[in-house]
Amino acid sequence: ATSGTNVYVGTNDGFFLSANAGANWTDASSGLTNRAIRCLAVSGTSIYAGVDSNGVFLSTDGGTTWSDASRGRHILSVRSLAVSGQTIYAGTYGSGVLLSTNGGTDWFISRSGFSSFIVNGVVVNGSSVIIGTYSGGGIYVSSDNGQSWTVKNTGMVNTYINSLLASGTDLFAGTWIDVY
């Protein structure tokens, strides 16, 4: 993830940042109770990290310190994150989508309308939230900020989604075999 001239990387061994385009890296994992970071999202001065077995962590000081943004809620593993304003979408392993509409103060599970609770990808594209699920669920779209979901797999042969990327009006879905 990037913000201005800073580059942020989450690894199995913590959070690292570079202020000089990757020439030098600093370990900035203070406050993370689990260093196995699965995903990152940046929104303004806030950095969100999805970690294995511990939910979502938040840094408001460029990664110097971290706090538990999921407020101790037990989440198996956060696999993907997307932030739009004060709304945070966290794709989880086993719980569907963890959703906060107030910057992480309150959270609820959103999984109405989809059957695979392993969410490897989540993107916000305009007024739509799009998730990529594993276990054959495929792509789901929400037009009501994650309250309900509709399957959108037309033309897809492989619906085991590993990652998503939105670029303008284009959506790319990566599977074990193909890219759509």
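Numbering (this note's numbering), first residue to last: 2 to 181.
We treat Cβ as the ideally placed atom computed from N, Cα and C, and that holds for glycine.
- Rounded to whole angstroms, the separation of the alpha carbons of Leu-59 and Asn-25 is 23 Å.
- Val-79 sits away from Leu-100, with the two beta carbons spaced by 9 Å or more.
- Nearest to Ser-129 by alpha-carbon distance, out of Ser-85, Thr-27 and Ala-50, is Ser-85.
- Residue environment: Val-158 is assigned as exposed (fewer than 16 neighbouring CB atoms within 10 Å of its CB, all protein chains considered).
- In the three-state DSSP reduction, Ile-178 falls in the coil class, being neither helix nor strand.
- Residue environment for Ser-136: exposed (fewer than 16 other C-beta atoms within 10 angstroms of its C-beta).
- For Asn-163, the secondary structure class from DSSP, reduced to helix, strand or coil, is strand.
- Ala-24 carries a coil assignment under DSSP once its states are collapsed to helix, strand and coil.
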